[in-house]
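Trainee: Residue numbers (mature numbering (1 follows the signal peptide of the UniProt record, and there is no 0)): -26 to -1, 1 to 275.
(1) According to DSSP, is residue 44 part of a helix, a strand, or is it coil?
(2) In chain order, what are the residue ranges of uninterrupted beta strand (DSSP E) at least 3 long that sit wholly in the region 221 to 268?
(3) What ranges does the beta strand (DSSP E) occupy inside the region 51 to 97, keeping only unbroken runs of at least 3 residues that lie completely in it?
(4) Tell me, which residues are paired with residue 214 by DSSP?
(5) Taking residue -15 as part of the alpha helix (DSSP H), name the residues at either end of that continuous run.
(6) Compute the Euclidean distance between the alpha carbons of residue 31 and residue 40, then round it to the nearest angstrom.
(7) Grouping DSSP H, G and I as helix and E and B as strand, with all else coil, what is residue 21?
(8) Quickly, what does DSSP pair residue 26 with across the bridge? List them, please.
(9) Where residue 25 and residue 113 are concerned, what is the direct C-alpha to C-alpha distance, given to the nearest angstrom?
(10) Sort 105, 238, 143 and 1 by Cα distance to residue 178 and report the nearest one.
(11) By alpha-carbon positions, which one of -19, 50, 52 and 66 ends up nearest to residue 10?
(12) Mapping the DSSP letters down to three states, classify residue 119 as helix, strand or coil.
(13) Count the CB pairs spanning the region 71 to 79 and the region 100 to 114 that are closer than 8 angstroms, and state whether there are at least three.
(14) Quick check: what's the CA-CA separation for residue 97 versus residue 44?
(15) So, are the CB atoms of residue 218 and residue 238 less than 8 angstroms apart?
(16) In the DSSP assignment, the alpha helix (DSSP H) including residue 180 goes from what residue to what residue?
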């Protein structure tokens, strides 16, 4: 049974966000509101504990930076992580995302690279990948043989899958391990189970996902692997996949996991009974346990 705090949080999320995702108008209104107060920089407390480096990628929009968060220690790092924040490809990074970055850097003694990629609808999905794919490829192919992992939640989990598929297709090195957290694996929304799951999802809804897909890739086939990685090559590095009992994306996530296993990929699915979308990054007991699992799984590679 979900903890009391998890149940309360689920109700709060429904109160604040369900109407946003229940219509195209709701999504567009939320995007307009979010643009009035962009939040792209790390919180101040992160600078106290970690070494935080910021740089701009050449040839890209000046407002979009890459942050590298490293422990302030002389001990050699155990891993390099590319962290891809969620937000449906249209919303900024949040304090909850930065907290996960801190947890991973601290507990794994890892260097975490965080791209603040340009968002839709101002930027198309393919332009986002033009920003992030070269960064992924540089990290994966770096002379540094420290293990390289990718962690991404929601849209970031989708990105993690697509970046890996694209690198593999191009014959480029990939991450040793991938952690997609409640990713969207099929934006075509054709799975009938998804529509049933939407009825009990306190956060996401089908009209909102459909509108975002229309906004960021209006001329692309929604079953193109760059839009819906479930239709791409799922012979991928080992994956730790998180899914939620109250998340409309879960039917497709489970389907993707089974397809990946059939193609020979080692996949461990962590299913949060009674949990909501992106529960591993939320300030609840179950979220802390999910991060424990993440740290353990990455730490043994």
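We treat Cβ as the ideally placed atom computed from N, Cα and C, and that holds for glycine.
In this text the structure is predicted, and so the values were computed from the model without any measurement.
Mentor: From the atom records:
(1) Residue 44: strand per DSSP, three-state reduction.
(2) For the region 221 to 268, the continuous beta strand (DSSP E) assignments of 3+ residues that do not extend past its boundaries occur at 241 to 246, in sequence order.
(3) The DSSP assignment places complete beta strand (DSSP E) segments of no fewer than 3 residues inside the region 51 to 97 at 53 to 58 and 84 to 89, in order along the chain.
(4) In the DSSP secondary-structure assignment, residue 214 is bridged to 242.
(5) Counting along the chain, the alpha helix (DSSP H) containing residue -15 begins and ends at -23 to -6.
(6) Cα to Cα, residue 31 sits roughly 7 angstroms from residue 40.
(7) Residue 21 carries a helical assignment under DSSP once its states are collapsed to helix, strand and coil.
(8) For residue 26, which the question treats as bridged, DSSP gives the partners 43.
(9) Residue 25 and residue 113 have their C-alpha atoms some 19 angstroms from each other.
(10) For residue 178, the closest of 105, 238, 143 and 1 by C-alpha to C-alpha distance is 1.
(11) The option with the nearest alpha carbon to residue 10 is 66.
(12) Of the three classes helix, strand and coil, the one that applies to residue 119 here is coil, per DSSP.
(13) Pairwise C-beta distances place the region 71 to 79 out of contact with the region 100 to 114, as fewer than three of them are shorter than 8 angstroms.
(14) Roughly 29 angstroms separates the two Cα atoms.
(15) Contact flag unset, no.
(16) Counting along the chain, the alpha helix (DSSP H) containing residue 180 begins and ends at 180 to 190.
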